[in-house]
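Novice: After the structure tokens below, expect a handful of questions from me.
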Amino acid sequence: MWYSKSREEVVRELGSDPASGLSAEEARSRREKYGRNQLKGKPKKSLAVLFFSQLKDMLIYVLLGAAVVTLIVGEYMDAVIILAVVLLNAAIGVFQEQKAEKAIEALQQMTTPKSLVRRDAEVREIDSVDIVPGDIVILDAGRYIPADLRLIESANLQIEESALTGESVPSDKKAEDIHQDPKTPVGDRSNMAFMSTLVTYGRGEGIAVGTAMDTEMGKIAQALDVDDQKLTPLQKKLEELGKTLGYIAIGVCVLIFVIGLIQGRDLFELFLTAISLAVAAIPEGLPAIVAIVLSLGVTRMSKIHAIVKKLPAVETLGSVNIICSDKTGTLTQNKMTVVKNYVLSESEQGAGEDPPVEMIKAFVLCSDATYENGEGTGDPTEVALVRYGEENGLSKKSMDAEYKRVSERPFDSDRKLMSTLNRTPDGFRVHTKGAIDQIMEISTTAVVNHEVVPLTEELKAQYLQAAEQMSDDALRVLAAAYKNTASQISPEEMESDLTFLGFVGMIDPPRIEVKDSIREAKMAGITPIMITGDHKNTAVAIAKELEIASSLEQSMTGAEIDELSDEEFSTKIRDMRVFARVSPEHKVKIVKAFRAQGNIVSMTGDGVNDAPSLKNADIGVAMGITGTDVSKGASDMILTDDNFTTIVHAIREGRNIYANIRKTVTFLLSCNFGEVVAILASILFFWPLPLLATQILWINLVTDTLPAIALGVDPGEKDVMKKKPRNPKESFFAGGAAFQAVLGGVLIGSLTLLAFYLGLREFGYGLRDSNISEEAMTYARTMSFVVLAASQLFYAFTKRSATKSIFQVGVFSNKFLVFAVIAGLVLQYISISVPFLAAAFKVQNLSLPDWGLVIGLALIPLFLNEIIKVFLRMKKTSEA
Ligand code: ATP
1 MWYSKSREEV VRELGSDPAS GLSAEEARSR REKYGRNQLK GKPKKSLAVL
51 FFSQLKDMLI YVLLGAAVVT LIVGEYMDAV IILAVVLLNA AIGVFQEQKA
101 EKAIEALQQM TTPKSLVRRD AEVREIDSVD IVPGDIVILD AGRYIPADLR
151 LIESANLQIE ESALTGESVP SDKKAEDIHQ DPKTPVGDRS NMAFMSTLVT
201 YGRGEGIAVG TAMDTEMGKI AQALDVDDQK LTPLQKKLEE LGKTLGYIAI
251 GVCVLIFVIG LIQGRDLFEL FLTAISLAVA AIPEGLPAIV AIVLSLGVTR
301 MSKIHAIVKK LPAVETLGSV NIICSDKTGT LTQNKMTVVK NYVLSESEQG
351 AGEDPPVEMI KAFVLCSDAT YENGEGTGDP TEVALVRYGE ENGLSKKSMD
401 AEYKRVSERP FDSDRKLMST LNRTPDGFRV HTKGAIDQIM EISTTAVVNH
451 EVVPLTEELK AQYLQAAEQM SDDALRVLAA AYKNTASQIS PEEMESDLTF
501 LGFVGMIDPP RIEVKDSIRE AKMAGITPIM ITGDHKNTAV AIAKELEIAS
551 SLEQSMTGAE IDELSDEEFS TKIRDMRVFA RVSPEHKVKI VKAFRAQGNI
601 VSMTGDGVND APSLKNADIG VAMGITGTDV SKGASDMILT DDNFTTIVHA
651 IREGRNIYAN IRKTVTFLLS CNFGEVVAIL ASILFFWPLP LLATQILWIN
701 LVTDTLPAIA LGVDPGEKDV MKKKPRNPKE SFFAGGAAFQ AVLGGVLIGS
751 LTLLAFYLGL REFGYGLRDS NISEEAMTYA RTMSFVVLAA SQLFYAFTKR
801 SATKSIFQVG VFSNKFLVFA VIAGLVLQYI SISVPFLAAA FKVQNLSLPD
851 WGLVIGLALI PLFLNEIIKV FLRMKKTSEA
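Note that UniProt numbering numbers the sequence shown so that position 561 is 561, with each residue one more than the last.
Here it is as structure tokens:
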């Protein structure tokens with residue numbers, strides 16, 4: 001039992017060393033012995049299971065029924081074609097599903113949790129799956145615990161163990177505790193930290209005692225379900241649409257069957273017609289295409305540093321009209337440098353030729369960052385301070401050795417303070433650093449000319465005025481204070497009765513590319529909002545530089561928010577662009593207020609306490625580099641470069657993906673509708689069938705796959721970011737999309753019928769003739785067969801934009817579509833010219849003039865749609 005042994009015993013037994021950790025070689029050999037540190041997931045669906053799940057589909061049942069009937073009546077070739085189509089469809093389905101799944105899996109891989117471990121005497125960040133028993137793991141607030149650990153060090157460590165015990169109040173952890181009772185329940189083992197629980201406060205170190213399934217988590221989670229990706233709202237809507245259309249189609253089929261019977265038509269032919277219609281009308285490709293377009297889209301987004309964790313986020317992105325962004329690191333470079341200091345001492349005032357030694361010492365000792373050989377690790381604010389110390393001859397290493405840290409109160413963004421207790425030759429000293437207003441509040445004295453004097457109101461005013469000046473210059477101000485104590489005190493007693501030392505000003509330059517992105521966002525009808533824990537003046541100074549705000553009136557502090565009621569705040573928020581000195585609770589308020597006004601809000605976050613605001617936002621955005629595991633867990637999207645610009649790029653991609661799904665879906669519906677029109681009209685008007693079921697199946701294979709996917713990966717229109725955000729309540733078919741889809745369908749269907757009629761006329765028949773020769777029928781059907789396929793293929797080009805002409809969009813700007821259309825035409829040519837295939841589909845080869853005619857006819861829907869666009873463009877300019 002690890003919890004009943006002392007730390008030294010545990011370390012010895014596991015053959016490790018807290019100071020240097022395992023060697024890389026030892027870690028490797030243990031990795032081989034113990035395997036990946038990962039709970040076993042549900043076994044993956046096998047190819048066969050995937051394949052058979054494709055067959056559970058209404059259309060497939062219809063087709064299998066048709067195959068049986070064709071077999072019974074002896075039309076063996078038809079049966080073979082139908083079965084081949086069923087198999088091919090299933091194979092394509094499996095391929096698409098796998099591709100979509102792989103894309104999502106790859107994204108999940110990118111967000112696998114990482115851990116800090118000590119190996120070869122160095123702290124490194126490694127994938128949590130590579131942790132082995134004996135590894136020394138370093139814990140800090142916001143991190144998930146990667147394995148079962150016996151704690152060997154703890155500083156105010158608190159861990160939330162609800163994943164394991166159901167208890168959501170964090171438990172205090174103490175490395176020095178030992179529990180002799182072998183029946184100590186998991187929740188009471190205060191010297192242990194368990195896999196998948198979360199550090200909410202403090203720091204600590206532990207040695208891995210159990211990994212993978214050999215953990216408490218592993219015991220209860222024998223087979224964890226791998227997070228199943230749920231359908232997005234749009235996918236659900238489309239799936240319902242598909243189902244409805246499917247049922248309507250089957251209803252119509254039955255009706256036609258009955259009408260046909262009354263008309264006294266041939267039973268077998270009627271049956272085939274009904275089947276053809278069902279095949280034509282059921283939009284079987286819809287859900288698969290949308291899934292693949294979404295997954296290809298998120299893969300593209302991951303390449304521009306935005307990892308979408310939840311697919312619905314892609315749709316929501318297109319509607320975002322408010323981006324709330326943290327300042328530090330997202331809008332700025334997070335490369336802090338101390339450039340000014342301020343202490344009240346004759347020799348030290350101002351830029352400080354003489355370094356203010358006591359203040360720098362306090363800053364250095366009260367920091368967790370390191371700076372060695374020109375490289376810093378840790379919080380950039382602290383790195384700047386430690387570097388500042390180094391530059392002034394006060395190195396972190398020697399300071400730490402001289403004044404050993406015995407206790408601490410970690411930084412949190414609510415208090416905006418951090419304190420440490422260090423041993424001094426005469427006792428102990430508290431060092432506190434943080435926001436100047438906060439430090440001022442807990443200080444009663446100050447150092448002036450090397451003497452401790454009462455911190456009077458005048459003195460405070462003097463300090464604050466100087467600090468204000470630094471803030472106006474966009475500097476981040478950080479103050480330091482101290483107090484001596486004779487004995488060791490508890491962390492709660494540290495932050496009171498302090499002596500104020502002075503403060504420094506640091507620059508953190510804005511990211512260069514952000515200014516352009518802010519302009520782009522504004523042009524796209526999106527308002528960027530800055531949210532920061534920093535001082536108001538510092539924040540506004542940077543906001544002005546970035547063109548987020550133009551005056552101090554557009555900013556508000558957390559304290560000012562607290563004074564307002566929710567309603568008052570919601571009305572006031574409209575004019576605000578900068579929120580300063582806010583804590584994570586304020587972020588929730590800000591999100592709620594913006595949303596109450598009907599906005600679609602994206603909010604960034606990185607800290608332990610940011611999870612609520614991320615969850616409340618429409619799009620919660622976590623930082624990939626500086627973000628805690630908690631914030632990543634609560635987010636919808638992760639920025640792997642922590643950059644504001646990436647949010648804007650992701651919104652652009654999101655808009656494009658949505659537009660592409662619209663293009664694909666309306667294209668597919670037009671195609672299907674065209675087929676329905678052709679079949680239905682011929683039934684209603686007592687004409688012979690212009691197309692056979694097998695022919696329709698073939699055309700759907702040619703058009704529903706490659707061209708549809710090609711539209712789904714369309715490079716997108718250049719001016720997507722010049723439009724207002726999409727209203728999320730707006731129908732998928734808004735802006736005349738439904739009308740265009742129906743019109744496209746009517747055109748495609750009518751032209752197919754026209755081609756059929758022209759074909760019959762070649763042989764001197766009319767549509768109403770009853771004794772049409774086999775030869776004439778084959779020829780006429782070939783004409784309609786080719787026109788239907790080709791018109792759909794050409795139509796794909798015009799679908800690339802709802803208003804722009806194909807030349808404005810660029811005929812060759814989507815090379816994949818060009819390829820898909822050419823491939824489709826070649827396949828069509830093969831199907832009628834290879835004798836074996838031609839016989840199977842009951843079609844024949846066409847002469848050159850015939851080809852001229854069918855291509856001419858097939859181009860008409862494209863032309864007419866282009867003419868409609870001219871009118872739409874004219875309407876738009878006259879409106880503008
Ligand atoms: P943003 O929200 O834009 O990331 P931020 O980094 O300024 O802004 P916080 O990290 O919450 O926000 O910091 C808020 C304030 O707390 C800072 O302005 C500073 O005064 C103080 N502060 C920041 N880091 C530390 C630290 N390591 N120790 C002590 N005080 C700190």
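Glycine included, C-beta positions come from ideal geometry on N, C-alpha and C.
Applying the 10 Å Cβ sphere with the 16-neighbour rule, what's the burial state of ASN771?
Specialist: exposed
Novice: So, do the stretch 827-839 and the stretch 687-694 have three or more beta carbon pairs nearer to each other than 8 Å?
Specialist: No, they do not touch.
Novice: Can you have a look at THR877 and say buried or exposed, based on whether 16 or more other CB atoms are within 10 angstroms of its CB?
Specialist: A residue is called buried once 16 or more other Cβ atoms fall within 10 Å of its Cβ, and THR877, having fewer, is exposed.
Novice: Take ALA19 as the anchor and find which of GLY206, ARG405, LEU87 and LYS44 has the nearest alpha-carbon.
Specialist: The shortest Cα separation from ALA19 among GLY206, ARG405, LEU87 and LYS44 belongs to GLY206.
Novice: With respect to the beta strand (DSSP E) encompassing CYS324, which residues constitute its N-terminal and C-terminal limits?
Specialist: First-last of the beta strand (DSSP E) with CYS324: 322-326.
Novice: Find the nearest neighbour of LEU88 within the set ASN321, GLN54, LEU107 and VAL62, judged by alpha-carbon distance.
Specialist: Comparing alpha-carbon positions, the option among ASN321, GLN54, LEU107 and VAL62 lying closest to LEU88 turns out to be GLN54.
Novice: Output the distance between the C-alpha atoms of PHE271 and LEU614, rounded to the nearest integer angstrom.
Specialist: 56 Å
Novice: Grab the span of the alpha helix (DSSP H) containing ALA79 for me, first residue to last.
Specialist: 76-110
Novice: Tell me whether VAL630 is buried or exposed, calling it buried when 16 or more other Cβ atoms sit within 10 Å of its Cβ.
Specialist: buried
Novice: Residues in its own chain within less than 8 Å of GLY525 by CB, not counting five upstream and five downstream?
Specialist: ASN321, LYS723, LYS724 and PRO725
Novice: Assign LYS483 to one of three DSSP states: helix, strand, or coil.
Specialist: strand
Novice: Using a Cβ-Cβ cutoff of less than 8 Å, which residues in the same chain neighbour VAL11 once the five nearest sequence positions on both sides are dropped?
Specialist: ASP17, PRO18, ILE152 and ILE207
Novice: What does DSSP give as the partner residues of THR527 in its beta bridges?
Specialist: ILE322.
Novice: Can you give the Cα-Cα distance for LEU639 and ASP516, rounded to whole angstroms?
Specialist: 18 Å
Novice: Taking Cβ positions, are GLY674 and GLN828 nearer each other than 8 Å?
Specialist: no
Novice: By the three-class DSSP mapping on this structure, what secondary structure does GLU353 have?
Specialist: With a pLDDT of 43 at GLU353, under the threshold of 50, the modelled position of this residue cannot be trusted, and the question is left open.
Novice: Excluding the five sequence neighbours on either side, which residues of its own chain have a C-beta within less than 8 Å of the C-beta of LEU286, listed in chain order?
Specialist: LEU238, GLU239, LEU241, GLY242, VAL665 and LEU668
Novice: DSSP beta-bridge partners for ASN422?
Specialist: ARG405 and ARG429
Novice: Counting only runs of 3+ residues fully inside the stretch 178-216, write out the beta strand (DSSP E) ranges in chain order.
Specialist: 198-210
Novice: For the stretch 621-628 against the stretch 591-610, do three or more pairs of beta-carbon atoms, one drawn from each stretch, fall closer than 8 Å, so that the two count as touching?
Specialist: Result yes; three or more Cβ-Cβ pairs closer than 8 Å.
Novice: Quick one: what does DSSP say ALA223 is sitting in, helix, strand or coil?
Specialist: With a pLDDT of only 42 at ALA223, under 50, the local geometry of the prediction cannot be trusted, and no value is derived from it.
Novice: Roughly how many angstroms separate the alpha carbons of ALA741 and THR798, rounded to a whole number?
Specialist: 12 Å
Novice: If you count every other CB in all the chains shown that lies within 10 Å of the CB of LYS632, and 16 or more means buried, which is it?
Specialist: buried
Novice: Do GLU379 and the ligand ATP come close, with the Cβ less than 7 Å from some heavy atom?
Specialist: Reading off the sequence shown, one finds Asp at residue 379, where the question assumed Glu. True, at least one ligand heavy atom lies under 7 Å from that Cβ.
Novice: In whole angstroms, what is the alpha-carbon distance linking ASP865 and THR532?
Specialist: What sits at residue 865 in the sequence shown is Asn, not Asp. Their backbone Cα atoms lie some 50 Å apart in a straight line.
Novice: Can you find a heavy atom of the ligand ATP that lies under 7 Å from the Cβ of PHE411?
Specialist: yes
Novice: For TYR371, which of PRO356, LEU394, VAL357 and ALA362 has the nearest alpha-carbon?
Specialist: LEU394
Novice: Using only alpha-carbon positions, find the residue among GLU101, MET721 and LYS587 that is nearest to HIS649.
Specialist: MET721
Novice: Just the Cα atoms here: how many angstroms apart are residue 884 and ASN341?
Specialist: Beyond the ends of the chain as shown, which are 1 and 880, falls residue 884; an answer cannot be given.
Novice: Among the residues of its own chain, which have a CB less than 7 Å from the CB of ASP472, if the five just before and after it don't count?
Specialist: ASN537 and ALA541
Novice: Do the CB positions of LEU331 and ARG143 come within less than 8 Å of each other?
Specialist: no
Novice: Apart from the five residues just before and just after ILE439, which ones in its own chain have a Cβ nearer than 6 Å to its Cβ?
Specialist: ALA479 and ALA481
Novice: Going by DSSP, what residues sit across from ARG119 in a beta bridge?
Specialist: LEU22 and GLU122
Novice: With respect to the alpha helix (DSSP H) encompassing ILE436, which residues constitute its N-terminal and C-terminal limits?
Specialist: 436-441
Novice: Grouping DSSP H, G and I as helix and E and B as strand, with all else coil, what is MET637?
Specialist: Looking at MET637 - three-state DSSP - the assignment turns out to be strand.
Novice: Run through DSSP, which three-state label would GLY749 get?
Specialist: helix
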